[in-house]
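Below: one structure, written as structure tokens.
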Amino acid sequence: MIMETKEKTFVRLGFNQKDTSELIGQINLLISSYHVHYQKLRNFHWNVTGKDFFDLHEKFEELYDFSKVNIDDLAERVRVFGARPTATLHEYLAASKIAEPEGIPGPDDMVDQILTDFEILLSQMINVLETANDLGDVSTIDLVNSMVKQTEKYYWMFTSWLEEK
1 MIMETKEKTF
11 VRLGFNQKDT
21 SELIGQINLL
31 ISSYHVHYQK
41 LRNFHWNVTG
51 KDFFDLHEKF
61 EELYDFSKVN
71 IDDLAERVRV
81 FGARPTATLH
91 EYLAASKIAE
101 PEGIPGPDDM
111 VDQILTDFEI
121 LLSQMINVLE
131 TANDLGDVST
141 IDLVNSMVKQ
151 TEKYYWMFTS
161 WLEEK
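Under full-length UniProt numbering, think of the first position of the sequence shown as 1, with each following residue one higher.
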């Protein structure tokens, strides 16, 4: 089915590989960064200590569960386009813009690193949204917009938590 819009004509679910290659690359970059972020959250969940243990232990688990769902949704979106999502540790580490932590930081440094990760992820999400918008890919836009909204909320929460200090 062909739909006319004010700006372009597109075929519903008829995106071709040439048109989607940039979007798929951006989603795969986001998947890679998300995986390193996910593992960092697991690391921090297991290794946080001190008076903030209970708050951060629980919140890191909430965040890695959120990340896990987003990774799966993004990978499945890549499959919708008939492409292969990044899926190996080697690929994640080679492409990710999020760094692994060095050692086990203290609770405040853990939160600082997570905030930095959020900034990187949000930047990559915006890139995906811009490209998806250019393609008229409303499903990817809807998917990533929901991720942006929740990530911004988490960013606010962690920023507020640091202000108490």
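All C-beta atoms in this analysis are idealised placements derived from N, C-alpha and C, irrespective of residue type, glycine included. On a predicted model such as this, the values are computed, not experimentally measured, just so you know.
Excluding the 5 residues flanking residue i on each side, which residues of the same chain have their C-beta closer than 6 Å to its C-beta?
i           : result
residue 130 : none
residue 60  : 41, 44, 45
residue 229 : No answer is possible for residue 229: the residues shown for the chain start at 1 and end at 165.
Taking the straight line between their C-alpha atoms, what separation do you get for residue i and residue j?
i           : j           : result
residue 70  : residue 64  : 10 Å
residue 68  : residue 147 : 12 Å
residue 93  : residue 163 : 32 Å
residue 108 : residue 44  : 11 Å
residue 105 : residue 115 : 14 Å
residue 155 : residue 118 : 7 Å
residue 128 : residue 86  : 16 Å
residue 48  : residue 57  : 7 Å
residue 18  : residue 157 : 40 Å
residue 82  : residue 38  : 25 Å
residue 79  : residue 89  : 19 Å
residue 161 : residue 152 : 14 Å
residue 126 : residue 149 : 11 Å
residue 111 : residue 102 : 14 Å
residue 140 : residue 23  : 10 Å
residue 122 : residue 15  : 25 Å
residue 84  : residue 35  : 16 Å
residue 159 : residue 62  : 16 Å
residue 138 : residue 66  : 22 Å
residue 100 : residue 113 : 10 Å
Within a Cβ cutoff of 8 Å, which residues of the same chain sit near residue i, ignoring the five residues on either side of it in sequence?
i           : result
residue 143 : 73, 74, 77
residue 124 : 26, 29, 30, 33, 97
Residues in the same chain with beta-carbon distance under 7 Å from residue i, minus the five sequence neighbours each way, listed in chain order, please.
i           : result
residue 120 : 33, 97, 98
residue 91  : 32
Within 8 Å, do at least three Cβ pairs link the region 134 to 141 to the region 43 to 55? Touching, no.
**Prompt:** Where are the beta strand (DSSP E) runs, 3 residues long or more, that stay fully inside the UniProt domain "Ferritin/DPS" (26 to 163), in chain order?
**Reply:** Within the UniProt domain "Ferritin/DPS" (26 to 163), not a single complete beta strand (DSSP E) segment reaches 3 residues in length.
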